[in-house]
Amino acid sequence: MAVESTEQDWTRGHAAHLLARAGFGGSPSEIDAAHQAGATRTVDRLLDIQEDDDLFPSLESFSNKEEHIALFMSIRDSKDDPAANMMAKKQAREAEQKALFDLRAWWLQRMRYSTNPTREKMVLFWHGHFATSFMKVRNPRFLWRQNELFRIHALGSFRDLACEIPRDPAMMRYLDIAGSSNTKPNENFARELMELFLLGEGQYSEEDIREAARAFTGYRINPMTQDVAYQARRADTGDKSVFGKTGAFDAEGLVNLLLDQPECAAFLVNKLWAFFAGGSPPPATGKALTDTFRSSNYQTRAVLRSMFLSPDFYAPAVIRSQIKSPIEWLVGTSKSLETALSGTRAQQNVLRDLGQSLFDPPNVKGWEGGRAWISGSTFLARCNLAGTLFLSSSDEPGAANLNKLFPAEIRKNPESLLESSAIRLFYQPPSGTEKDRWLAFLHPKDFPATNETIADLLRVMMSSPNFQLT
Amino acid sequence: MNATFQTRRHFLRTSFLGGAAAWTVPVFLERTFFALDAAAAEASIQTATGRDHPILVVVQMAGGNDGLNTVIPFSNDAYYAARPRLAVPASSLLKLDDHTGLHPSLAGLKSLYDDGLAAIVQGVGYPNPNRSHFRSTDIWQTATDADKVSHHGWIGKYFDACCAGEDPTVGVAIGKQEPLAFAAATPKGIAFNQPNQFRYQVAGSADPQGVEDSFRDMGEQNNDENMSGASIGTLAGAQASGDEADFLRKTALDAQMSSDKVREVTAKFQVSNPFPKSQLGNGLELVARLIAGSMPTRVYYVSQGGYDTHSNQKGTHERLLKDLDGALSAFLAEMKSMGTLDRVVVMTFSEFGRRVAENASGGTDHGAAAPLFVLGGNVRAGLHGSHPSLTQLERGDLIHTTDFRSVYATLLEDWLKAPSNKILQKQFSKLPLLG
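So the protein lines, in turn, are chains A and B. So the first sequence is numbered by numbering that gives the first Met the number 0: it starts at 0 and just counts up by one. So the second sequence is numbered by numbering that gives the first Met the number 0: it starts at 0 and just counts up by one.
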């Protein structure tokens, strides 16, 4: 791959593009720093993890497994007393909702503040890839555990991650592994494993699914310990024939068999390219990335490094051509405007209204992305919420500090104010008809500009179609 | 400055309306000059006045509804043999005849059936059924053969063929995003959940008028090149070019144009029948209010999820069908109260039915053919098509007896008066569902 040419052509716009796609963007000074560091150093810094866990202490709600089990017990023990049972269920529901809220806030903070933004972006990718929803799992602790699993393997071995998935309690519950047994195996997980997780639609037969489903039997979640258990008498330990290979595959054996299929690496590479760059990779680049993925035995870091240093990743058709996901919109704007993001109720509601509630993807395929993010109503919601979230004049936590972002010399005239604002929000100076429109908006205002004028300008700029692109 | 924007905006609107003389014509309700011209030029172009055109309401039951436990062949021993835990006892069914009964949760649909307002098409599916939720949903939405991929939906192709020049609200989806069924060469249709949030809000601004003017101007200014002397057809074509920025501009413009009208209508019209407080109930209630407000909408799209009952199906399925039944009954009752029963046809669908035999988790896995409902004042009530055999199966699944595109062809030809062979790109035989 032509790493040299990526390094040679490295512009501030490229640095901004990389930070936005590989992470969640950055402030003007963070982009300047990445520009000065150069392509290779910036990519390596993004991919080499320096643990920052001390910044994000483990959640109170999840450290106490006993409490969760106690709630489960009180529901079970009150079965014969309808009033007490209802109360116990209500308590459990409230505890679940509280824990889910904390979990979402915790992850949003990680995305906003982590020194490893690419790892968090990959956790988001894996969450959409191995999509699992609270709506069915109903146990925030399982989802937290899954989220940590994604973080551990975020940039590491995809093979290791894929082998862990069938014994991940959240996934076990979401795709019905937890109840599947040798007498009548449940096909839900086996089907999605092939269609959505490892191979892609059309790369297998219905017979492959039926056979594979037999390997995912006998796995249970013990409600008392919340750990995964294997019940041999419920497991189908016989021979299974999948893709022409016959053997007594268990869950891990079957996942490894699928990982050895030639389609698997290309399937993942295409999905990673669509997520980070958009669309499909040029054929030669796609092939090179697939070879890298396969020859490294599925090292995600290796394939991302090649991708982020490939000139194709910086092609004009790639830059500012992707519709921001609601998460990118929220976290990215917070980084651009250097605001606090703690995952407040308001911020979580915004994500719900824009169609990306964490831990609640619409279905097992995850978020469709791209144009599916935008309808008339979500477009209007983005415009409206940009104002209320980031430009509130009250003491709303998370509003931009305009005095700090726009010092006196920038406020002097429309041109300097507009240029500074555009570089913050779009990573580039304004141009074309948009520039004319925004200057026209500023024309009747008094200068030096007041905070009210600046807030209105930012509101207008964040309501533009272009602001929805990254 | 504002004067210039004002002019641009009016220029845009007049372009939509086909001439400067149209300045005073309300944008949303009446037929456009362009559409009138086009209608004269090509007979298949339709125009909607909001008061007399036929309306189709599509109800998606997402997840794969267990058709066998919805319309139940209770006289067939094979049904009970395949479902020792999940079979609904014959004694509790709502019997339609000596062989077939509805799930006990469907009391409202049974009344509609008895009142001559409900048709049931049995065994609907397609050859080489796909058991993936997503792929099979796409097949239903695009009306293609199972081995063909299309990026345009069957309703979108209808809009392309028959609704050029119509308002974007010709298709309305209640939800966060438009369904694939609406995707078209010239995209039309809007999607929203809550009408009161479907607007540009400038609260908190120091200069609300300036902010709103600038917002309203953006879609238009970016299309100046396209606007000068261009027809609406080329404008829309340019917007559908596949470029994300163009897509965003078009969506923004449609949202601006539609939001005022939608809010006005929904604020003015309320329903008089109680709807279930569920996603589907709320969706159909909103549709009823939009119909009451004479929106120029031809196709409404609402959905209900949760039918993927791999485990512990019994209670879940009962609850889902009850919700469906309550929402559909309320909607039909509302249409009756409003005097619009004869203008509306409702069609339900699900991406597939479920396996004939239950699984070990008290649920059912992905299957194939299933029944669907067609409701309205103009339908021919009764059972249509034949129930698939319970013993001659394909990999444990029912073999379809009616192609879903025959249902589409019937609705397109006999209800929307559209050329089905042009839209479905094949001739499908029609069913005697209407008239």
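Idealized CB from N, CA, C, for every residue including glycine. Bear in mind the structure is a predicted one, so any value in this text is a computation, not a measurement.
query                                                                                                                        : result
Enclosing beta strand (DSSP E) for Thr347/B [first to last residue]                                                          : 343-348
Distance between Pro273/B and Ala189/A (C-alpha atoms, nearest Å)                                                            : 43 Å
Alpha helix (DSSP H) segment containing Ile138/B, residue limits                                                             : 132-141
Below-8 Å beta-carbon distance, Phe274/B vs any chain A residue                                                              : no
Chain-ordered residues of the region 362-379 of chain A with a beta carbon less than 9 Å from chain B                        : Asn362, Val363, Lys364, Glu367, Gly369, Arg370, Ala371, Trp372, Ile373, Ser374, Gly375, Ser376, Thr377, Phe378, Leu379
Nearest-angstrom Cα separation, counted from Gly243/A out to Leu303/A                                                        : 32 Å
CB of Pro139/A within 8 Å of CB of Leu99/A, strictly                                                                         : yes
Proximity of Glu418/A and Pro406/A at Cβ, strictly below 8 Å                                                                 : no
Closer than 8 Å to chain A by CB, His399/B                                                                                   : no
Same chain, Cβ closer than 6 Å to Ala276/A, neighbours up to 5 away in sequence not counted                                  : Phe312, Val317
Within-8 Å CB hit, Val241/A to chain B                                                                                       : no
8 Å Cβ cutoff, Ala266/B in contact with chain A                                                                              : no
Distance between Asp445/A and Pro413/A (C-alpha atoms, nearest Å)                                                            : 9 Å
Beta-carbon proximity check, Gly174/B vs Ala184/B, cutoff 8 Å                                                                : no
Top-ranked residue by Cα proximity to Met479/A, from Arg410/A, Ile422/A, Pro447/A, Pro222/A                                  : In the structure as shown, chain A starts at 0 and stops at 469, and residue 479/A therefore has no counterpart that could be examined.
Residue-level contact to chain B via CB, Phe446/A, 8 Å cutoff                                                                : no
Below-8 Å beta-carbon distance, Arg134/B vs any chain A residue                                                              : yes
Inter-residue Cα distance where the pair is Ala86/B and Asp307/B                                                             : 17 Å
Segments of 4+ residues assigned as alpha helix (DSSP H) that fall wholly inside the region 57-116 of chain B                : 76-81, 106-113
Interface residues of the region 349-364 of chain B facing chain A [CB-CB below 9 Å]                                         : Arg354, Ala356, Glu357, Asn358, Ala359, Ser360, Gly361, Gly362, Asp364
Alpha-carbon spacing of Ser333/A relative to Gln347/A, whole angstroms                                                       : 14 Å
Extent of the continuous alpha helix (DSSP H) to which Gly386/A belongs                                                      : 375-389
Alpha helix (DSSP H) segments (min. 4 residues) lying fully within the region 302-388 of chain A                             : 325-335, 344-353
CB-CB length for Ala250/A against Thr338/A, believed under 8 Å                                                               : Contact doesn't hold; Cβ gap of about 44 Å is too wide.
Whether Leu257/A touches Leu197/A by CB criterion (8 Å)                                                                      : yes
N- and C-terminal bounds of the beta strand (DSSP E) containing Ala1/A                                                       : From DSSP, Ala1/A is part of no beta strand (DSSP E); its letter is neither H nor E.
Ile220/A, DSSP secondary structure in three states                                                                           : strand
Beta-carbon neighbours of Ser213/B, restricted to chain A and to distances below 7 Å                                         : Arg436, Phe440, Val459
Own chain, CB closer than 7 Å to Asn84/A, minus 5 neighbours either side, in chain order                                     : Ile74, Ser77, Lys78
Inter-stretch contact (C-beta, 8 Å, three-pair minimum) for the region 78-93 of chain B and the region 340-350 of chain B    : no
Cross-chain neighbours of Thr387/A in chain B, by beta carbon under 9 Å                                                      : Gln200, Ala202, Gly203
Alpha-carbon spacing of Gly338/B relative to Phe403/B, whole angstroms                                                       : 30 Å
Val57/B: contacting residues in chain A (beta-carbon distance under 9 Å)                                                     : Those do not exist, as Val57/B stays about 17 Å from chain A at its closest Cβ, beyond 9 Å.
Residues near Asp36/B by beta carbon distance below 6 Å, same chain, minus five either side                                  : A caution first: Asp36/B carries a pLDDT of 40, below 50, which makes its placement in the model unreliable, though a value can still be read off. Nothing meets the Cβ criterion.
Presumed contact (8 Å Cβ cut-off) between Ala21/A and Lys120/A, rounded CB distance                                          : 6 Å
Contact set between the region 243-255 of chain B and chain A, restricted to residues whose Cβ is under 7 Å from the partner : Glu243, Ala244, Phe246, Leu247, Arg248, Thr250, Ala251, Asp253, Ala254
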